[in-house]
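Take the sequence shown: its letters are residues 11 to 400, numbered as in my numbering. Note that CB positions come from ideal geometry on N, CA and C, so glycine has one too. Remarks on the structure that follows.
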Amino acid sequence: MGLHLTIIAGETSGDLLGARLIAALKRRVPDIEFSGVGGIEMTKAGIQSVFPMEDISVMGLQEILPRLKLIYRRIDETVKSISQSDTDAIIFIDSPEFAVRVAKRIRRARPDLPMIKYGAPTVWGWRPGRAKAIKPYYNLILALLPFEPRVYRYLNGSECRYVGHPAVANLPTDEHVKAFKNKFNIVEGEKILALLPGSRVGEVNRLNEPFIETLRKLEDKKQNLRVFIPAVPHIRDKIEEALKQKESGLEKFQITLIEGEDDKLGLFGCATAALAASGTVSLELALAGVPTVVGYDIERWLAYFVIRVARIPSVVMPNLILDKPVIPEFLLHRCTAENLSAALQPLLDENSEARNNQIEAFKALKDIMTTETDDPSSETAKQLLDFLTS
Numbered sequence: 011m012g013l014h015l016t017i018i019a020g021e022t023s024g025d026l027l028g029a030r031l032i033a034a035l036k037r038r039v040p041d042i043e044f045s046g047v048g049g050i051e052m053t054k055a056g057i058q059s060v061f062p063m064e065d066i067s068v069m070g071l072q073e074i075l076p077r078l079k080l081i082y083r084r085i086d087e088t089v090k091s092i093s094q095s096d097t098d099a100i101i102f103i104d105s106p107e108f109a110v111r112v113a114k115r116i117r118r119a120r121p122d123l124p125m126i127k128y129g130a131p132t133v134w135g136w137r138p139g140r141a142k143a144i145k146p147y148y149n150l151i152l153a154l155l156p157f158e159p160r161v162y163r164y165l166n167g168s169e170c171r172y173v174g175h176p177a178v179a180n181l182p183t184d185e186h187v188k189a190f191k192n193k194f195n196i197v198e199g200e201k202i203l204a205l206l207p208g209s210r211v212g213e214v215n216r217l218n219e220p221f222i223e224t225l226r227k228l229e230d231k232k233q234n235l236r237v238f239i240p241a242v243p244h245i246r247d248k249i250e251e252a253l254k255q256k257e258s259g260l261e262k263f264q265i266t267l268i269e270g271e272d273d274k275l276g277l278f279g280c281a282t283a284a285l286a287a288s289g290t291v292s293l294e295l296a297l298a299g300v301p302t303v304v305g306y307d308i309e310r311w312l313a314y315f316v317i318r319v320a321r322i323p324s325v326v327m328p329n330l331i332l333d334k335p336v337i338p339e340f341l342l343h344r345c346t347a348e349n350l351s352a353a354l355q356p357l358l359d360e361n362s363e364a365r366n367n368q369i370e371a372f373k374a375l376k377d378i379m380t381t382e383t384d385d386p387s388s389e390t391a392k393q394l395l396d397f398l399t400s
């Protein structure tokens, strides 16, 4: 009997990570078997999910409470499926609360079964006590950010190894850039601004106002500036409505909404600068070498909670990794058009010191985040197999 691994993902991003890991493991161990919980991508890769992944793909109390009974039933089903299988190890991706509840019960039922967490819980951001609390359940943590192994050692947590972030392997190519320029008739001398107000309805509703107002405050001499806004289908109408309400003062710009990963990568390869919400996109932009300003706002009650428990000097991933404030960030009451436009203006000047400083820092970031194999999924497969066979 060959190697049998169980992979459990509960979110779309984790489903994609799992599918890529399955492909990388199959290249190294052709007769490997898989089981677990996943979505469309992991199903395509060969896993028959124990139940629909969407059943546990929830965020926040408003989504969790109505499904609580179902979630606990899915925990029972997952534990039963693993207990009755001949799996050699379990890999948990995302959904940390679901994962740790399953892991606790599996540890009692099969105490010697290796359990691995792919994607480190953010103990460096809040609740550092989790590092020791989850140590009995996870034999290994495979980290997406290069400083996380150091944090877990400091907090006396599980063994933690850096395997690379998926953004490292998803950078714009010359083909992306060429196709984007042809598709949108971009000519020499035009400056391109990427505007990214987020992918969730709540954050887009809060950031549309300051982001669009920022455009209106940019100096008139930027007449040759073109603006592109990546918009996933469920938020496109929100952005279109906000642009319509603010159309006065935006006549000097050609604003285009785009969809799809290829267009987004083409934009990142062409962009002169970017104004973005906080999140993984800041890391994607930095790795693509795009000078960026970050703005973000959340509900005040949640902000009060975050401020009380957060233990980090920045919410911008490149700043955390580089350990310096490379990307200007304007959060909560500081996320205003005045602040954002003042920080963005020099980044549109190709000779400015602010722009050149970011570009140089992003080169260092890319070096820091690149692993030996250059492909995070391959590095993850390598580290995972090394651990299981050592």
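* **glutamate 158 versus Leu330, Glu360, Glu382, Arg365, residue with shortest Cα-Cα distance** => Position 148 of the sequence shown, counted from the first residue, corresponds to residue 158. The candidate whose alpha carbon is nearest that of glutamate 158 is Leu330.
* Would you check if the distance between the CB atom of arginine 117 and the CB atom of leucine 123 is smaller than 9 Å? => By one-based count along the sequence shown, residue 117 stands at place 107. By one-based count along the sequence shown, residue 123 stands at place 113. In contact: arginine 117 and leucine 123 (Cβ atoms closer than 9 Å).
* To do: Could you check if glutamine 94 is buried or exposed, using at least 16 other CB atoms within 10 Å of its CB as the buried criterion?
  => Position 84 of the sequence shown, counted from the start, is the residue given in the question as residue 94. Answer is exposed; the Cβ neighbour count stays below 16.
* To do: List the residues that DSSP assigns as beta-bridge partners of glutamine 264.
  => Position 254 of the sequence shown, counted from the start, is the residue given in the question as residue 264. DSSP, once it has assigned bridges, lists Arg236 as partnering glutamine 264.
* Excluding five sequence neighbours on each side, which residues of the same chain lie with their C-beta closer than 6 Å to the C-beta of serine 67? -> Along the sequence shown, one-based indexing puts residue 67 at 57. For serine 67, same chain residues with a beta-carbon under 6 Å away, outside a window of 5 residues either side, are Gly20, Glu21 in chain order.
* Nearest neighbour of leucine 395, chosen from Met52, Ile126, Phe372 [CA to CA] -> The sequence position of residue 395 within the sequence shown is 385, counting from 1. Taking leucine 395 as reference, the option from Met52, Ile126, Phe372 with the minimal CA-CA separation is Ile126.
* Asked: Excluding five sequence neighbours on each side, which residues of the same chain lie with their C-beta closer than 8 Å to the C-beta of alanine 179?
  -> The sequence position of residue 179 within the sequence shown is 169, counting from 1. Setting aside the 5 residues that flank it on each side, alanine 179 is surrounded in the same chain by Asp384, Asp385, Pro386, Ser387, each with a C-beta closer than 8 Å to its C-beta; the list follows chain order.
* Counting only the same chain and skipping the five closest in sequence on each side, list residues whose C-beta sits under 8 Å from that of asparagine 218. => Reading the sequence shown from its first residue, position 208 is the one you call residue 218. So the list reads Pro207, Lys248, Ile249, Ala252, once near-sequence residues are dropped.
* Using only alpha-carbon positions, find the residue among Thr302, Leu297, Glu389 that is nearest to serine 288. => If you number the sequence shown from 1, residue 288 lands on position 278. For serine 288, the closest alpha carbon among the candidates Thr302, Leu297, Glu389 is that of Thr302.
* **Alpha carbon of glutamine 368 to alpha carbon of valine 336, nearest angstrom** => As a position in the sequence shown, residue 368 is number 358, starting the count at 1. As a position in the sequence shown, residue 336 is number 326, starting the count at 1. Our two residues, glutamine 368 and valine 336, have alpha carbons roughly 6 Å apart in a direct line.
* To do: Tell me, to the nearest whole angstrom, how far the beta carbon of methionine 52 is from that of aspartate 96; I am working on the premise that it is less than 8 Å.
  => Locating residue 52 in the sequence shown gives position 42, where the first residue counts as 1. Locating residue 96 in the sequence shown gives position 86, where the first residue counts as 1. Their Cβ separation, rounded to whole angstroms, is 20 Å, which puts methionine 52 and aspartate 96 out of contact at 8 Å.
* With 16 other CB atoms within 10 Å as the buried threshold, where does arginine 84 fall? -> In the sequence shown, counting from the first residue as 1, residue 84 sits at position 74. It counts as buried.
* To do: With a 10 Å radius around its C-beta and 16 neighbouring C-beta atoms as the bar for buried, classify histidine 175 as buried or exposed.
  => Here residue 175 is taken as the residue at index 165 of the sequence shown, counted from 1. By the 10 Å Cβ count, histidine 175 comes out buried.
* From which residue to which residue does the alpha helix (DSSP H) around lysine 274 run? -> The sequence position of residue 274 within the sequence shown is 264, counting from 1. Where lysine 274 is concerned, the enclosing alpha helix (DSSP H) starts and stops at 271–280.
* To do: Determine the DSSP secondary structure at histidine 14, reduced to helix, strand or coil.
  => Position 4 of the sequence shown, counted from the start, is the residue given in the question as residue 14. In this structure, histidine 14 counts as strand in the three-state DSSP scheme.
* Asked: From aspartate 307 to serine 209, what distance separates their C-alpha atoms?
  -> Against the sequence shown, residue 307 aligns to sequence position 297. Against the sequence shown, residue 209 aligns to sequence position 199. About 14 Å.
* Asked: Among Ile32, Thr132, Gln255, Asp41, which residue has its Cα nearest to the Cα of alanine 55?
  -> Taking the sequence shown and counting its residues from 1, the one referred to as residue 55 is at position 45. The residue with the shortest Cα to Cα distance from alanine 55 is Ile32.
* To do: Just tell me which of Gly12, Leu297, Leu375, Glu370 has its CA closest to the CA of leucine 181.
  => The residue labelled residue 181 in the question sits at position 171 within the sequence shown. Answer by Cα proximity: Leu297.
* How close, in whole Å, do the beta carbons of phenylalanine 469 and threonine 266 come, if the pair is a contact with beta carbons under 8 Å? -> Residue 469 is absent from the structure shown; the chain starts at 11 and stops at 400.
* **For tyrosine 162, the first and last residue of its enclosing beta strand (DSSP E)** => On the sequence shown, residue 162 is found 152 positions in, with the first residue counted as 1. DSSP places tyrosine 162 in no beta strand (DSSP E) but in the uninterrupted alpha helix (DSSP H) bounded by 158–164.
* Go to tyrosine 82, then tell me how far its alpha helix (DSSP H) extends in each direction, as first and last residue. => Residue numbering aside, residue 82 sits at position 72 when the sequence shown is read from its first letter. Under the DSSP assignment, tyrosine 82 falls in the alpha helix (DSSP H) whose first and last residues are 78–93.
* So, is aspartate 273 buried or exposed, given that buried needs 16 or more other C-beta atoms within 10 angstroms? -> Taking the sequence shown and counting its residues from 1, the one referred to as residue 273 is at position 263. By the 10 Å Cβ count, aspartate 273 comes out buried.
* Asked: To which residues does DSSP link cysteine 170 through a beta bridge?
  -> Walking along the sequence shown from the start, residue 170 turns up at place 160. Answer is Ile151, bridged to cysteine 170.
* Asked: How would you label proline 328, buried or exposed, when you count the other beta carbons within 10 angstroms and need 16 or more for buried?
  -> To locate residue 328, count along the sequence shown from 1; it is residue 318. Of the residues assessed, proline 328 falls on the buried side of the cut-off, its CB having 16 or more other CB atoms within 10 angstroms.
* For threonine 302, the three-state DSSP class (helix, strand or coil) -> Reading the sequence shown from its first residue, position 292 is the one you call residue 302. Threonine 302 falls in the strand class under three-state DSSP.
* To do: Mark glycine 212 as exposed unless 16 or more other C-beta atoms lie within 10 angstroms of its C-beta, in which case mark it buried.
  => Taking the first residue of the sequence shown as 1, we reach residue 212 at position 202. Glycine 212 comes out exposed.
* Sorted by chain position, which residues of the same chain lie with C-beta nearer than 6 Å to alanine 119's C-beta, five sequence neighbours on each side aside? -> For the purposes of this step, residue 119 is taken as the residue at position 109 of the sequence shown. Here the set comprises Ser93.
* Rounded C-alpha distance that separates valine 197 from threonine 381 -> For the purposes of this step, residue 197 is taken as residue 187 along the sequence shown, with counting starting at 1. For the purposes of this step, residue 381 is taken as residue 371 along the sequence shown, with counting starting at 1. Rounded to whole angstroms, the gap between the alpha carbons of valine 197 and threonine 381 is 36 Å.
* Helix, strand or coil for glycine 46, going by three-state DSSP, please let me know. => Within the sequence shown, the letter at position 36 stands for residue 46. In this structure, glycine 46 counts as strand in the three-state DSSP scheme.
* To do: Could you tell me which residues DSSP puts in a beta bridge with glutamate 339?
  => Locating residue 339 in the sequence shown gives position 329, where the first residue counts as 1. Glutamate 339 is bridged by DSSP to Val304.
* What do you reckon, are the CB atoms on phenylalanine 61 and leucine 15 nearer than 9 Å? -> What you label residue 61 is simply residue 51 of the sequence shown in a count that begins at 1. What you label residue 15 is simply residue 5 of the sequence shown in a count that begins at 1. Contact: no.
* **Counted within 10 angstroms of its Cβ, other Cβ atoms place glutamine 393 as buried (16 or more) or exposed** => Residue 393 sits at position 383 when you count from the first residue of the sequence shown. Classified as buried, glutamine 393 has 16 or more neighbouring CB atoms from the shown chains inside 10 Å of its CB.
* Which residue comes first and which comes last in the beta strand (DSSP E) that contains isoleucine 100? -> The residue given as residue 100 occupies position 90 in the sequence shown. Element bounds for isoleucine 100: 99–103.
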